[in-house]
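Mapping to UniProt numbering: the sequence shown position 72 is 72, numbers consecutive. C-beta atoms are modelled at their ideal positions from N, C-alpha and C, and glycine is treated no differently. Before any comments, here is the structure.
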Amino acid sequence: MGEDEKYIQFIANYDDWVAIRKMKITETTGAKAVLEFLASLGSGFDRKIAQNLGKIIDVVQLDNALNDVLVDSAGKSAEELGKIIALVRGPKINKVISELVGKVPNLESGVQKEIEQFAKAYAMRKALRECGLQVDYSEIEIPGMKKIKRAKA
């Protein structure tokens, strides 16, 4: 690609994740095309962030704790969603996250806090997704992307 060419490029070669995604930007490239391209990248990022968090802490235990806390909270009204958010941010889930991160050997306090933040974001996204809410751009149905997503599944 030349100096004056504009493009977005992403390359991954990590464990079982091998991906090369490129998009050339020209005068005719619309913002919608860029949005769709970035959203398609986001779905891979979302999945890999969760997988890598699972290499650090036991996300199955976190999922089980979420299921226990949210068992009677499956509503979608604003009031019910507020309760769900409060439960996910509440002491039970925070305790589970602290315990899971605390089991990881040799973590400095700054790194421990960072992993806790990833776990809290994971928990919130999972809870909101269980309520049927779209919490990421990568969840938007893009007509041309349906075929690609199905082919990889």
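Beta-ladder partner(s) of residue i, from DSSP
i	result
residue 25	6
residue 122	DSSP, once it has assigned bridges, lists no residue as partnering residue 122.
residue 18	13
Contact under 8 Å by Cβ, residue i with residue j
i	j	result
residue 25	residue 8	yes
residue 116	residue 97	yes
residue 66	residue 103	no
residue 137	residue 50	no
residue 62	residue 119	yes
residue 131	residue 84	yes
C-alpha gap between residue i and residue j, whole angstroms
i	j	result
residue 112	residue 101	7 Å
residue 135	residue 64	21 Å
residue 133	residue 46	15 Å
residue 81	residue 89	12 Å
residue 17	residue 54	15 Å
residue 87	residue 42	27 Å
residue 152	residue 13	Summary for residue 152: the model assigns pLDDT 43, below 50, so the residue's position carries little reliability, and this model does not support an answer.
residue 156	residue 68	Lying before the first or after the last residue shown, residue 156 is absent from the chain, which here runs from 1 to 153.
residue 44	residue 37	12 Å
residue 6	residue 15	29 Å
residue 35	residue 124	24 Å
Same chain, Cβ closer than 6 Å to residue i, neighbours up to 5 away in sequence not counted
i	result
residue 128	135
residue 33	none
Segment limits, alpha helix (DSSP H) that includes residue i
i	result
residue 136	Neither: residue 136 is in no alpha helix (DSSP H) and is coded neither H nor E.
residue 93	91 to 102
residue 42	31 to 56
residue 79	78 to 88
Residues near residue i in its chain [Cβ-Cβ closer than 8 Å; skip 5 each side]
i	result
residue 10	19, 20, 21, 22 and 41
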